[in-house]
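A.B. asks:
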Amino acid sequence: MYYIVDSDKSFYEATTDLVPVIQRLGLNVLHVHDLGGMLDSKAIEFDDECQVFEVGNPRLVEKMLAIDTRLSAALPWRISVYTESGNTKIALTRPLPLLAALSQDVALARLAQELEEKLIQIVDETR
Numbered sequence: 181m182y183y184i185v186d187s188d189k190s191f192y193e194a195t196t197d198l199v200p201v202i203q204r205l206g207l208n209v210l211h212v213h214d215l216g217g218m219l220d221s222k223a224i225e226f227d228d229e230c231q232v233f234e235v236g237n238p239r240l241v242e243k244m245l246a247i248d249t250r251l252s253a254a255l256p257w258r259i260s261v262y263t264e265s266g267n268t269k270i271a272l273t274r275p276l277p278l279l280a281a282l283s284q285d286v287a288l289a290r291l292a293q294e295l296e297e298k299l300i301q302i303v304d305e306t307r
């Protein structure tokens with residue numbers, strides 16, 4: 181269900197390099213959640229870093245919502261950059277199995293496959 185890669189880059193390099201790859205491959209960054217910073221701001225001990233990038237493509241979202249508006253609960257898609265024991269990782273939840281669990285629609289499966297391939301390409305090019 182997850183796609184996770186190790187990166188030789190620092191956390192900062194990976195988060196900085198991710199955005200232009202997302203944009204070049206036709207997606208938009210909708211929001212970045214700094215989970216590590218949020219925990220630190222609440223004095224909750226968290227030794228690693230973690231940022232979650234919410235990404236989307238308006239045309240793809242339009243097609244998915246036309247199939248089933250309830251799919252909005254699974255949107256937008258997320259790419260996470262985090263550290264674990266000092267190592268940088270880039271991860272995502274694969275859209276195909278997630279959306280397949282929500283709908284058996286064949287057109288949706290094709291869209292999910294297309295999206296998953298693009299998200300994996302983003303992660304692989306950023307690593």
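In terms of my numbering, the sequence shown opens at residue 181 and continues consecutively. Where is the CB? At the ideal position from N, CA and C, for every residue including glycine.
(1) Just verifying my parser: in three-state terms, what is the DSSP assignment at residue 301?
(2) Do residue 260 and residue 233 come within 9 Å of each other at the CB atom, strictly closer than that value?
(3) Could you pull the start and end residues of the alpha helix (DSSP H) that residue 221 belongs to?
(4) DSSP state of residue 224, grouped into three classes?
(5) Under 8 Å by Cβ, that's how I've got residue 183 and residue 254 pegged, so tell me the actual separation to the nearest angstrom.
(6) Could you pull the start and end residues of the alpha helix (DSSP H) that residue 193 belongs to?
(7) Based on the DSSP output, what are the partners of residue 231 in its beta bridges?
(8) What residue does the beta strand (DSSP E) around residue 272 start on, and which one ends it?
C.D. replies: Per the coordinate set shown:
(1) helix
(2) yes
(3) 215 to 221
(4) coil
(5) Between residue 254 and residue 183 the Cβ distance is about 16 Å, and since that is not below 8 Å, they are no contact.
(6) 191 to 204
(7) 214 and 261
(8) 267 to 273
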